[in-house]
Amino acid sequence: MPLGALALAAGLVILAIDWLLVLDAPGEQIRESVVSDVGGAALVVTGMVILGAVWLQRGDAGRFQREGIATEAVVKDLKLGFFGTDVTLAFADQSGAQHQVTLRGSNLALQPGFGPGTSLPIRYHPDNPRLLRFQDTLDTLAPRH
Numbered sequence: 024m025p026l027g028a029l030a031l032a033a034g035l036v037i038l039a040i041d042w043l044l045v046l047d048a049p050g051e052q053i054r055e056s057v058v059s060d061v062g063g064a065a066l067v068v069t070g071m072v073i074l075g076a077v078w079l080q081r082g083d084a085g086r087f088q089r090e091g092i093a094t095e096a097v098v099k100d101l102k103l104g105f106f107g108t109d110v111t112l113a114f115a116d117q118s119g120a121q122h123q124v125t126l127r128g129s130n131l132a133l134q135p136g137f138g139p140g141t142s143l144p145i146r147y148h149p150d151n152p153r154l155l156r157f158q159d160t161l162d163t164l165a166p167r168h
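Remember, this note's numbering sits 23 above the position in the sequence shown when you count from 1.
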């Protein structure tokens with residue numbers, strides 16, 4: 024079960040149990056109810072945010088699967104950054120124009136054998152080739168039909 028759905032379900036269960044207890048013995052349970060209500064509400068909001076982010080990612084992946092132009096990119100450079108590895112990719116678009124794009128904070132360098140010279144399948148946006156997505160990520164989020 025995805026993390027967002029799990030957080031949402033847990034939050035809703037906590038809120039339901041909490042309110043059932045309050046209805047059963049209102050005078051004694053109110054103080055404890057406030058603490059668990061805040062926790063339950065936080066889980067519900069967190070779950071909704073995660074599910075929303077996943078929904079947006081899948082929509083973006085679907086658009087790139089339909090509209091993106093498939094090509095191969097070659098890794099030109101890797102630099103270890105604070106939030107991951109900065110990966111510089113080079114590729115040619117449909118017209119033959121060369122593009123070089125640096126992706127900040129990637130985790131691609133964790134793959135065995137990954138380094139300068141590695142070739143990767145990508146899809147780039149036809150109107151702005153600097154916007155690109157990795158084909159394996161697109162296949163995971165929005166498989167091709």
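Backbone N, C-alpha and C define an ideal beta-carbon position, used for all residues, glycine too. Remember, it's a predicted structure, so these values are computed and weren't measured experimentally.
Less than 8 angstroms divides the Cβ of F114 from the Cβ of I145.
When secondary structure is reduced to three states using DSSP, R153 falls in the coil class, being assigned neither helix nor strand. Within the DSSP bridge table, the entry for G107 names G104 as partners. L66 is the residue among D41, Q80 and L66 whose C-alpha sits nearest the C-alpha of G34. When the alpha-carbon of A32 is set against those of A96, L143, V68 and D109, the nearest one is in V68.
Secondary structure of Q117 (DSSP, three-state): coil. Beta-bridge analysis with DSSP links S129 to T108. Rounded to the nearest whole angstrom, the C-alpha separation of Q117 and A93 is 9 angstroms.
Distance from E90 to P149 at the Cβ level is roughly 7 angstroms; contact confirmed, criterion being Cβ atoms closer than 8 angstroms. Selection G70, L161, H122 and L112 evaluated against L26 yields G70 as nearest (Cα-Cα). Separation of the CB atoms of R81 and L155 is rounded to 17 angstroms, and the pair is thereby denied contact status at 8 angstroms.
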